[in-house]
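The next block holds one structure in the form of structure tokens; read it before the comments.
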Amino acid sequence: MSWHVPEEDLRAYARGELAAPALWSADAHLTSCARCRGALAEVSDPVELDAGWERLDAELDAPRTGVLESLLVRVGVAGHTARLLAAAPVLRRSWLGAVVAVLLLSVGASHAVRGGEFPTLFLALAPLLPLAGVALSYGPALDPTYEMAVVAPMHGFRLLMIRTVAVLGVVLGLNGLATLALPEYGLRALAWLLPALALTATGLALTPRLGPVLAPSLVGGAWVGLLVTADALRAGAEAPLAPFTPAGQGVAAAVAGLGAGLLYLLRDRFDLFQGRAA
Amino acid sequence: MTPTVSASGLSLRYGGTRALDDVSLRLTGGVTGLLGPNGAGKTTLLRVLATARPADRGAFTVLGHDPGTTRGRQEVRRRLGYLPQTPGLHPDFTAFEFVDYVAILKELTDRGARHREVRRVLDEVGLADVRGKRIRKLSGGMRQRVALAAALVGDPGFLVLDEPTVGLDPEQRMRFRELIARAGEGRTVLLSTHQTEDVAMLCHRVLVMAGGRLRFEGTPAELTARAAGRVWSSAERDPDAKAGWRTGTGTFRNVGDPPDGADLLEPTLEDGYLLTLDGAGAEVAA
Numbered sequence: 006m007s008w009h010v011p012e013e014d015l016r017a018y019a020r021g022e023l024a025a026p027a028l029w030s031a032d033a034h035l036t037s038c039a040r041c042r043g044a045l046a047e048v049s050d051p052v053e054l055d056a057g058w059e060r061l062d063a064e065l066d067a068p069r070t071g072v073l074e075s076l077l078v079r080v081g082v083a084g085h086t087a088r089l090l091a092a093a094p095v096l097r098r099s100w101l102g103a104v105v106a107v108l109l110l111s112v113g114a115s116h117a118v119r120g121g122e123f124p125t126l127f128l129a130l131a132p133l134l135p136l137a138g139v140a141l142s143y144g145p146a147l148d149p150t151y152e153m154a155v156v157a158p159m160h161g162f163r164l165l166m167i168r169t170v171a172v173l174g175v176v177l178g179l180n181g182l183a184t185l186a187l188p189e190y191g192l193r194a195l196a197w198l199l200p201a202l203a204l205t206a207t208g209l210a211l212t213p214r215l216g217p218v219l220a221p222s223l224v225g226g227a228w229v230g231l232l233v234t235a236d237a238l239r240a241g242a243e244a245p246l247a248p249f250t251p252a253g254q255g256v257a258a259a260v261a262g263l264g265a266g267l268l269y270l271l272r273d274r275f276d277l278f279q280g281r282a283a
Numbered sequence: 009m010t011p012t013v014s015a016s017g018l019s020l021r022y023g024g025t026r027a028l029d030d031v032s033l034r035l036t037g038g039v040t041g042l043l044g045p046n047g048a049g050k051t052t053l054l055r056v057l058a059t060a061r062p063a064d065r066g067a068f069t070v071l072g073h074d075p076g077t078t079r080g081r082q083e084v085r086r087r088l089g090y091l092p093q094t095p096g097l098h099p100d101f102t103a104f105e106f107v108d109y110v111a112i113l114k115e116l117t118d119r120g121a122r123h124r125e126v127r128r129v130l131d132e133v134g135l136a137d138v139r140g141k142r143i144r145k146l147s148g149g150m151r152q153r154v155a156l157a158a159a160l161v162g163d164p165g166f167l168v169l170d171e172p173t174v175g176l177d178p179e180q181r182m183r184f185r186e187l188i189a190r191a192g193e194g195r196t197v198l199l200s201t202h203q204t205e206d207v208a209m210l211c212h213r214v215l216v217m218a219g220g221r222l223r224f225e226g227t228p229a230e231l232t233a234r235a236a237g238r239v240w241s242s243a244e245r246d247p248d249a250k251a252g253w254r255t256g257t258g259t260f261r262n263v264g265d266p267p268d269g270a271d272l273l274e275p276t277l278e279d280g281y282l283l284t285l286d287g288a289g290a291e292v293a294a
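Protein chains in written order, with the working numbering: chain E, 6 to 283; chain F, 9 to 294.
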């Protein structure tokens, strides 16, 4: 080993005064260098040395941050909030992989089967992804720590909103990237956005009444039913489905606003257990 | 002594089921056992007292706060430790990471102070050596201790444990009992269990529930005394007994109203519990 911690740094380390990044280098080096540990013992007050080892021990125990968590911290999210997000079931790689797969398939299908001015299959599927994502990030069926979280002092609605914003950020971002893969449709390929917000807000607003599984399932089912009905009623195969017309987009915006308002009014209901009684 | 928990007339219906029926109780320091068969309403009572679910009727206070108000509920939760019946643990987290996660939910946002607290509770449950191990690699007993450590974060004044010894082997169960006994020093613990041995070894008070109602509240000795003169031995199972089972010696131990001249036995807590359930109309296992 060619490099060793300078004596001056060791003295500062022993006093707890060594600042990062020299502190990180010293921490890492001391774990593997007996010579520097010996030198540290010589320059240290025994009490301060114990405190130093305790600090080192604590650093070794500290949770390792994953890619997502590190990214969140880098963009300014508080460390403890990033940790809560990292535990959201929906932010796991398998879920994100499934979202990407669905988007690739729908974008591919929209390229292969061009049947009008709108990429209908993509626009039908894209709003369901954030709805499913938010539903999967919260609730007794899918969050293993749900029951512990409900009785924790952190308000349930706050936890829900932290996760919802994270899920929406990720899924809407992926949807947005998929939209860029459909340049021939122009802004019409963005007609999924307002329905996505409407479905997500409505699903959450109905959760205190219907539960975290039934509410998003019904909302998702209603969306599919609406599209089937719109398909049956449209003027011709080339005509857009009603939800993707300007009028339909206006309705989606109104529903999103109403859903968000209702959700806010019901925020205290998320502070209580929503599973079955035992 | 001011009770940690004081409840009166708690009732809760779920569909057509009366999960809680006019339950009143007072809990003070130390470990109180909550016994009852499946479906007795134990978990529902624990969830209500842990502020997870509101009762339809009745009122209660925990550590002087009223969980019926938003502010009171928050105050209770700041002093509450809760170990649910099936604590969900993220299997890919290490023991340290999981307890750290729960500590964040308990509003410990300062990283240094939080990590010191996490180390303290993991030390307390004897998991200092495996705190960097992933939960999926820990044994069932160790996982249960991780969950207990999470419940102990923040040094709660009221600790609610829902059947924490279920599924543990005898050695793990004994070790867990030691932890619960230690946790009961200086705080109030409500321990739901199927095992009368848990109550006999740990509890200074015991509650018995059946059909959503509280059927007994007193000391383990008082529950045992309910069976005094009502336990007897016989060569064959006595058909008039409320319950009877063959013991290791080959004779039958019967519980109920003994016939004249019966060979009476010293009652146990389990005998008192069975007779209490029988009086409640609950099924008595024979």
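Each residue gets a CB set at the ideal place from its N, CA and C atoms; glycine is no exception.
Option in the options with minimal Cα separation from residue i
i	options	result
residue 30 of chain F	F/21, F/38 and F/37	F/21
residue 209 of chain F	F/114, F/224 and F/278	F/278
residue 18 of chain F	F/52, F/155 and F/46	F/52
residue 6 of chain F	F/126, F/114, F/99 and F/132	Nothing about residue 6 of chain F can be reported from this structure: the residues present for chain F run from 9 to 294 only.
residue 38 of chain F	F/12, F/61, F/49 and F/23	F/12
residue 70 of chain F	F/64, F/78 and F/59	F/59
residue 104 of chain E	E/86, E/271 and E/183	E/183
residue 154 of chain E	F/86, F/136, F/197 and F/126	F/86
residue 189 of chain E	E/240, E/43, E/124 and E/106	E/124
residue 215 of chain F	F/267, F/24, F/36 and F/40	F/40
residue 251 of chain E	E/262, E/199 and E/273	E/199
residue 298 of chain F	F/220, F/178 and F/196	Residue coverage of chain F in this structure runs from 9 to 294, which leaves residue 298 of chain F outside it and unanswerable.
residue 259 of chain F	F/249, F/243 and F/251	F/243
residue 168 of chain F	F/10, F/197 and F/220	F/197
residue 187 of chain E	E/10, E/106, E/128 and E/31	E/128
residue 220 of chain F	F/45, F/173 and F/234	F/45
Pairwise C-alpha distance: residue j and residue i
i	j	result
residue 121 of chain F	residue 112 of chain F	11 angstroms
residue 293 of chain F	residue 283 of chain F	Model confidence at residue 293 of chain F stands at a pLDDT of 38, short of 50, so the residue's coordinates are unreliable; what they give is reported in the following sentence. Cα-Cα distance, rounded: 11 angstroms.
residue 104 of chain F	residue 142 of chain E	22 angstroms
residue 243 of chain E	residue 112 of chain E	18 angstroms
residue 14 of chain F	residue 68 of chain F	5 angstroms
residue 281 of chain F	residue 232 of chain F	8 angstroms
residue 173 of chain E	residue 135 of chain E	6 angstroms
residue 217 of chain F	residue 210 of chain E	36 angstroms
residue 165 of chain F	residue 26 of chain F	30 angstroms
residue 114 of chain F	residue 97 of chain F	16 angstroms
residue 153 of chain F	residue 147 of chain F	10 angstroms
residue 262 of chain F	residue 157 of chain F	41 angstroms
residue 273 of chain F	residue 94 of chain F	38 angstroms
residue 82 of chain E	residue 150 of chain E	22 angstroms
residue 290 of chain F	residue 264 of chain F	Low per-residue confidence applies at residue 290 of chain F: pLDDT is 45, beneath 50, and the placement is therefore not dependable, though the value from the model is reported in the following sentence. Whole-angstrom Cα-Cα distance: 14 angstroms.
residue 273 of chain E	residue 205 of chain E	18 angstroms
residue 175 of chain E	residue 215 of chain E	26 angstroms
residue 224 of chain F	residue 43 of chain F	9 angstroms
residue 135 of chain F	residue 107 of chain F	12 angstroms
residue 77 of chain F	residue 163 of chain E	18 angstroms
residue 156 of chain E	residue 125 of chain F	19 angstroms
residue 283 of chain E	residue 47 of chain F	For residue 283 of chain E, the pLDDT reaches just 40, beneath the cut-off of 50, and the residue's location in the model is therefore unreliable, leaving the point undetermined.
residue 85 of chain E	residue 109 of chain F	8 angstroms
Per-residue burial, residue i [other beta carbons within 10 Å of its own, 16 or more giving buried]
i	result
residue 199 of chain F	buried
residue 237 of chain E	exposed
residue 182 of chain F	exposed
residue 116 of chain E	exposed
residue 12 of chain E	exposed
residue 131 of chain E	buried
residue 2 of chain F	Here chain F has residues from 9 to 294 only, and residue 2 of chain F is not among them.
residue 180 of chain E	buried
residue 162 of chain F	buried
residue 161 of chain E	buried
residue 151 of chain F	buried
DSSP beta-bridge partners of residue i
i	result
residue 69 of chain F	F/14
residue 242 of chain F	F/260
residue 235 of chain E	DSSP lists no partner for residue 235 of chain E.
residue 217 of chain F	F/222
residue 142 of chain E	DSSP lists no partner for residue 142 of chain E.
residue 22 of chain F	F/25
Contact set between residue i and chain B, taken where Cβ atoms lie within less than 7 angstroms
i	result
residue 55 of chain F	Included in the structure are the protein chains E and F, with no chain B among them.
Proximity test, residue i beta-carbon vs the ligand GDP heavy atom, cut-off 8 angstroms
i	result
residue 62 of chain F	Although the ligand GDP was asked about, the structure shown includes no ligands whatsoever.
Mind checking the segment 72-88 of chain E against chain F and listing, in chain order, the residues whose C-beta falls within less than 9 angstroms of any C-beta there?
-> 83, 84, 85, 86 and 88
When you check each C-beta in the segment 128-152 of chain E against every C-beta of chain F, which residues fall closer than 8 angstroms?
-> Per Cβ criterion, the list reads 148, 149, 150, 151 and 152.
Taking Cβ-Cβ distances below 9 angstroms as the criterion, which residues of the segment 151-172 of chain E are in contact with chain F?
-> 151, 152, 153, 154, 155, 156, 157, 158, 159, 160 and 164
Taking any Cβ of chain F, which residues in the segment 217-241 of chain E have a Cβ under 7 angstroms from it, in chain order?
-> none
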